[in-house]
Structures are given as C-alpha cells and as structure tokens.
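Numbering (the working numbering) for the sequence shown: 12 to 382.
Glycine residues also receive a C-beta, built at the ideal position from the N, C-alpha and C atoms.
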Amino acid sequence: MMKKPIMCILFCMLMIVCTIVPVSGTTISEKASLTRGNTLYVGGLGPNNYTKIQDAINDATNSDTVFVYDDSSPYYENINIEKSISLIGENKETTVILGDESPDWVIVNISAGDVSISGFTIQPNTGLPDGIQVAKGYTYPDYWNIVVLQNVSVYNNIIKKTGRGILGIRLNHGNISGNTIEDCKSEGILLFISSNTTITNNIVSQCSYRGIEIDGLWNQYRIKNHRNPVPENNIISQNTVRANRWGIELNSGPVNTKITNNNILDNYEIGIQIIDASKTEITRNNFMGNTQNAYFMVVCVLRYPRFLLNSWDSNYWGEPKKLPVPITGSLWFMPFPRIPIGISFPHFSLTQWELRWTVFDKHPAQEPYDI
Numbered sequence: 012m013m014k015k016p017i018m019c020i021l022f023c024m025l026m027i028v029c030t031i032v033p034v035s036g037t038t039i040s041e042k043a044s045l046t047r048g049n050t051l052y053v054g055g056l057g058p059n060n061y062t063k064i065q066d067a068i069n070d071a072t073n074s075d076t077v078f079v080y081d082d083s084s085p086y087y088e089n090i091n092i093e094k095s096i097s098l099i100g101e102n103k104e105t106t107v108i109l110g111d112e113s114p115d116w117v118i119v120n121i122s123a124g125d126v127s128i129s130g131f132t133i134q135p136n137t138g139l140p141d142g143i144q145v146a147k148g149y150t151y152p153d154y155w156n157i158v159v160l161q162n163v164s165v166y167n168n169i170i171k172k173t174g175r176g177i178l179g180i181r182l183n184h185g186n187i188s189g190n191t192i193e194d195c196k197s198e199g200i201l202l203f204i205s206s207n208t209t210i211t212n213n214i215v216s217q218c219s220y221r222g223i224e225i226d227g228l229w230n231q232y233r234i235k236n237h238r239n240p241v242p243e244n245n246i247i248s249q250n251t252v253r254a255n256r257w258g259i260e261l262n263s264g265p266v267n268t269k270i271t272n273n274n275i276l277d278n279y280e281i282g283i284q285i286i287d288a289s290k291t292e293i294t295r296n297n298f299m300g301n302t303q304n305a306y307f308m309v310v311c312v313l314r315y316p317r318f319l320l321n322s323w324d325s326n327y328w329g330e331p332k333k334l335p336v337p338i339t340g341s342l343w344f345m346p347f348p349r350i351p352i353g354i355s356f357p358h359f360s361l362t363q364w365e366l367r368w369t370v371f372d373k374h375p376a377q378e379p380y381d382i
C-alpha cells in the first residue's frame, strides 16, 4: 500500500527536475539571436541580428530593450528614439556611435518618456552635432509649450567632441549619471525648464562654455513670467566639473536646487555662478584651482524677491579657512521691469541700478571632501 504514494512522489520530483534542467543547463550564446523575449540585438554573431541600431529601434515596441554589441562598432548613424525603450551598448569604451550634423544637429534624439540609454561612446563623424537631446515638439524659441518628458535616464556613456553633450528641455524626473562628457564646444549638460532631475557622478571637463547648467528662461522683461513653469527640485551631486569655462551655473529662475558634494576644479572663469535662482543650497563642495570660485547675480524686481534666498555652507575653498568665506555678487534693482530701456548702463539708469553684495559661507570646511 505504501508503494503508490512513494511512486507518486518520485514521479513529481522527476517532472520538476525535467523542467529545471533545460533552463539551468542551457548556455545562451553571448552574441546570438534576433530577440529573446523583449530584447532585440544589433551586431554580434547572430544570423538574424540587426546591422543598424535605428532598424532595431523601429521594430521595437514600448518596454523592449535594444542591445548593441561592439563587434560591428563604430555605428555610423544618427538615432531617433520615439518609444519607451532601453538602448544598451555592450561596452561604453568600444560601442561607438558616430553621427553627423544632419538632419537635426543631434546624434541621439530622445522624444519619448520612460527611455534609458547607456553603454555607448557618442561623438561626431562630421561637424558639431549635439550628443544627446531629450525633447519632444521643440521649436526655437518656444521652450514652454512642449511635451514634458518623464523618466528618461542617460547613464554610463562617454560623450565627446560634440556641440552640447546632453541637452534636455522640459525633462521631469530625469537621471543623468555616470557619464564622461569632455571637449564639448558648448555646454556639457544643459537643462531648460527641467524639474525633479538628478545629475550625479558625471565627469564633465574641457567644455568651452558651462560644464553643467540649469536654465529657467525667466526674464525680467517677460510679462507672463508668472504663467510659465520654473525648474525646481533638481539635484547636482557628486560630479567632477573640471577645466571648463564656467563650472556649474543656475540661470534665470531655478528653484530649490541642491548643489552638493561636487569637485569643482580648475575652471578658467568661474567655478559656480548663480544668476536669478532661489532657495539654492550650495554645500560640501570642493572648490580648487578655479580662477574665481563663485559668483552670484540677482535681478530684484518687486514680484521676485525670492532670488535672495540662497545658502552657502560647509564648502572647501582650496585651503583651510578659519573665518567665514565671502562670496561677492551683484543685486540689480529694477522698479519698472516691463520697460526695457536703459539696459546699456552698467551701474545706474532710470530703470535699474546695481548694488554690490556679499554673502558668506559661515562654516568653511578645513580639508577637501573625499568625493
């Protein structure tokens, strides 16, 4: 009577083993096959793999992954991503995309949300296109009335010798991390009216303009300022920003930005420049070797007093400091902000005047941070 239950148990165990062994015992070729599940492959040794990255993207659907092998690198093409996919290169050092200026002056154009791109070297084949652009429906100069893109990640790439490295317009909840951006002819990372985005662990060097910039496009002469969105709640942290013209800049309206734990080194004009930004926290950064470490400018009109609410604390200023460290800047008072006259006078006119101002880092660090 006991044999039947024992036989049933043995039979069930055999069935379980038969289902497990083919999965765990099968070796999947490293560079093969068109698609497994929701992954499409480019390059490599698979007989049906795509030869062009764009062809794989065109055939992908939302939530798919396009994986690009380095065997066929470099890939001479410009990329358009209009779907919510992941684009992954095998090795950022050896998986290279070489793009041209045409058709839209950008090598990788992302115009959808929920996109990630990683593992590539991106640089021009000819001309000076931007490296990666994140924007949908943008037509210069209308930055405001375009689609807000959510959850775009650009990480672990090398971008070099482009116009701009990364340009984002109306990006929300973005992630720009772990990239090496160098030798750009304009900005390394430039975000217009972008919020809740983190810029972390990047190395941005030798750019002809700003290494990292967030711009709100606020203008003292724009009547509809109060109707336009502002960039807010962004984080710039744990980056190394070296040997650019300006290191980090906030310009024209960013709110609640945290600039913390960055190496800001050897920038040949200014390390950090804060222009018409409010509620900014500049803390625990290393300022070393910059021609001028920091500067701020505020245009004070009656509707925008908030631009005075920035704080500097516990930064390292190139050497131990026993006394509070002064940061010099300018306050521009404009009682008639909608009348654009007299702007050519540098210190005084009927519509504006300048007051030199100083703020302080009251608790300067005595040694550089290990970032």
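For residue j and residue i, the rounded distance between their alpha carbons
{"i": "Asp381", "j": "Cys195", "result": "27 Å"}
{"i": "Ile90", "j": "Phe131", "result": "12 Å"}
{"i": "Ile96", "j": "Thr50", "result": "10 Å"}
{"i": "Gly222", "j": "Gly264", "result": "18 Å"}
{"i": "Ala146", "j": "Asn273", "result": "27 Å"}
{"i": "Ile283", "j": "Asp66", "result": "42 Å"}
{"i": "Asp277", "j": "Asn262", "result": "21 Å"}
{"i": "Val126", "j": "Val165", "result": "8 Å"}
{"i": "Asn326", "j": "Glu292", "result": "11 Å"}
{"i": "Ala305", "j": "Asp82", "result": "46 Å"}
{"i": "Ala288", "j": "Val77", "result": "39 Å"}
{"i": "Glu101", "j": "Asn255", "result": "30 Å"}
{"i": "Pro240", "j": "Asn183", "result": "12 Å"}
{"i": "Glu280", "j": "Ser248", "result": "21 Å"}
{"i": "His374", "j": "Ser205", "result": "31 Å"}
{"i": "Lys333", "j": "Gln303", "result": "20 Å"}
{"i": "Pro337", "j": "Val310", "result": "20 Å"}
{"i": "Trp368", "j": "Trp257", "result": "21 Å"}
{"i": "Gly57", "j": "Phe298", "result": "50 Å"}
{"i": "Ser74", "j": "Pro335", "result": "52 Å"}
{"i": "Asn136", "j": "Ile64", "result": "16 Å"}
{"i": "Asn167", "j": "Tyr80", "result": "16 Å"}
{"i": "Ser113", "j": "Gly329", "result": "44 Å"}
{"i": "Leu138", "j": "Thr106", "result": "The sequence shown places Gly at residue 138, rather than the Leu named in the question. Cα to Cα, Gly138 sits roughly 20 Å from Thr106."}
{"i": "Ser122", "j": "Ile187", "result": "16 Å"}
{"i": "Ser216", "j": "Thr268", "result": "22 Å"}
{"i": "Trp343", "j": "Lys171", "result": "37 Å"}
{"i": "Glu104", "j": "Ser129", "result": "11 Å"}
{"i": "Glu88", "j": "Ile246", "result": "33 Å"}
{"i": "Ile200", "j": "Asn69", "result": "27 Å"}
{"i": "Gly176", "j": "Glu260", "result": "15 Å"}
{"i": "Arg253", "j": "Thr173", "result": "17 Å"}
{"i": "Val158", "j": "Gly148", "result": "7 Å"}
{"i": "Asn207", "j": "Ile169", "result": "24 Å"}
6 Å CB neighbourhood of residue i in its chain, flanking five on each side removed
{"i": "Ile214", "result": "Thr191 and Thr251"}
{"i": "Phe307", "result": "Ile285 and Gly340"}
{"i": "Gln144", "result": "Val117, Asn120 and Leu178"}
{"i": "Val266", "result": "Val241, Glu243, Ser289 and Lys290"}
{"i": "Asn162", "result": "Gly124, Asp125 and His184"}
{"i": "Phe371", "result": "Pro335 and Pro337"}
{"i": "Thr294", "result": "Thr271, Asp324 and Ser325"}
{"i": "Trp402", "result": "Any property of residue 402 remains undetermined from this structure, which presents the chain solely from 12 to 382."}
{"i": "Tyr220", "result": "Ser197, Glu198 and Arg256"}
{"i": "Gly189", "result": "Tyr166, Asn167 and Asn212"}
{"i": "Leu98", "result": "Val77 and Ile128"}
Paired residues, beta bridge with residue i - DSSP
{"i": "Val241", "result": "For Val241, which the question treats as bridged, DSSP gives no partner whatsoever."}
{"i": "Thr211", "result": "Ser188 and Ser248"}
{"i": "Tyr151", "result": "The partner list for Tyr151 (beta bridge, DSSP) is empty, contrary to what the question assumes."}
{"i": "Asn278", "result": "BP columns for Asn278 are empty, so no partner."}
{"i": "Tyr80", "result": "Answer by DSSP bridge pairing: none, since Tyr80 is not bridged."}
{"i": "Ser216", "result": "Glu193 and Arg253"}
{"i": "Tyr87", "result": "Leu109"}
Residue i, enclosing alpha helix (DSSP H) - first and last residue
{"i": "Gln65", "result": "Ile64 to Asp70"}
Where the beta strand (DSSP E) containing residue i begins and where it ends
{"i": "Gln134", "result": "Thr132 to Pro135"}
{"i": "Glu365", "result": "Trp364 to Asp372"}
{"i": "Ile223", "result": "Arg221 to Asp226"}
{"i": "Ser97", "result": "Ser97 to Gly100"}
{"i": "Gln144", "result": "Asp141 to Val145"}
{"i": "Val53", "result": "Thr50 to Val53"}
{"i": "Lys269", "result": "Lys269 to Thr271"}
{"i": "Glu260", "result": "Trp257 to Asn262"}
{"i": "Gly110", "result": "Val107 to Gly110"}
{"i": "Ile90", "result": "Ile90 to Ile92"}
{"i": "Ile121", "result": "Val117 to Ile121"}
{"i": "Val266", "result": "From DSSP, Val266 is part of no beta strand (DSSP E); its letter is neither H nor E."}
{"i": "Ser113", "result": "Looking at the DSSP string, Ser113 is not in any beta strand (DSSP E), and its letter there is neither H nor E."}
Own chain residues within Cβ distance below 8 Å of residue i, not counting five before or after
{"i": "Tyr154", "result": "Ile180, Arg181, Phe203, Ile204 and Leu228"}
{"i": "Ser84", "result": "Gly54, Thr105, Thr106 and Val107"}
Residues near residue i in its chain [Cβ-Cβ closer than 7 Å; skip 5 each side]
{"i": "Gln377", "result": "Pro331"}
{"i": "Glu193", "result": "Lys171, Ser216 and Gln217"}
Chain B contact for residue i (CB, 8 Å cutoff)
{"i": "Ser197", "result": "Absence of chain B from the displayed structure is noted, only one protein chain being present."}
Would you mind listing the beta strand (DSSP E) stretches within the region 286-347 that are 3+ residues and don't spill past its ends, in chain order? Runs of the beta strand (DSSP E) inside the region 286-347: 292-294, 297-299, 303-311, 322-324 and 336-344.
Length-filtered (3 minimum) beta strand (DSSP E) runs lying within the region 158-209: Listed in chain order, the beta strand (DSSP E) runs fully inside the region 158-209 are 163-166, 169-171, 177-180, 186-188, 191-193 and 200-203, counting runs of at least 3 residues.
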